[in-house]
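Notes for the one structure printed next.
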Amino acid sequence: MMNKRKVSLEDFYKWYSLNKEELLNKATVGEKFNDKLKEEFLQEWPLDRILTMSIDEYVIGKGQQNKSLC
Numbered sequence: 004m005m006n007k008r009k010v011s012l013e014d015f016y017k018w019y020s021l022n023k024e025e026l027l028n029k030a031t032v033g034e035k036f037n038d039k040l041k042e043e044f045l046q047e048w049p050l051d052r053i054l055t056m057s058i059d060e061y062v063i064g065k066g067q068q069n070k071s072l073c
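Reading the sequence shown from the start, the letters are residues 4 to 73 in the working numbering.
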């Protein structure tokens, strides 16, 4: 069983103040990674393709690479 420790807003503020720069750097790295994934996704699945795809293409994919959204 874990010991539950109450954390005050002041405790959190101190922790955040000490770690703010690292947290912001990690958030920036994560945002860049997510932007890259989004671009890759949109290259493979542009909006007009998604709007016109069949149920089979959505579920099981078609073609050699057998890509689907599921």
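Glycine residues also receive a C-beta, built at the ideal position from the N, C-alpha and C atoms. From a predicted model like this one, the values you see are computed outputs, not experimental measurements.
Short check: CB of residue i to CB of residue j, under 7 Å?
i	j	result
S3	I63	The question about residue 3 has no answer, for the chain in this structure spans 4 to 73.
For residue i, which residues of its own chain have a beta-carbon under 8 Å away from its beta-carbon, when the five flanking residues on both sides are left out?
i	result
E60	S71
Take residue i as the anchor and find which of the options has the nearest alpha-carbon.
i	options	result
E13	L21, E34 and Q46	L21
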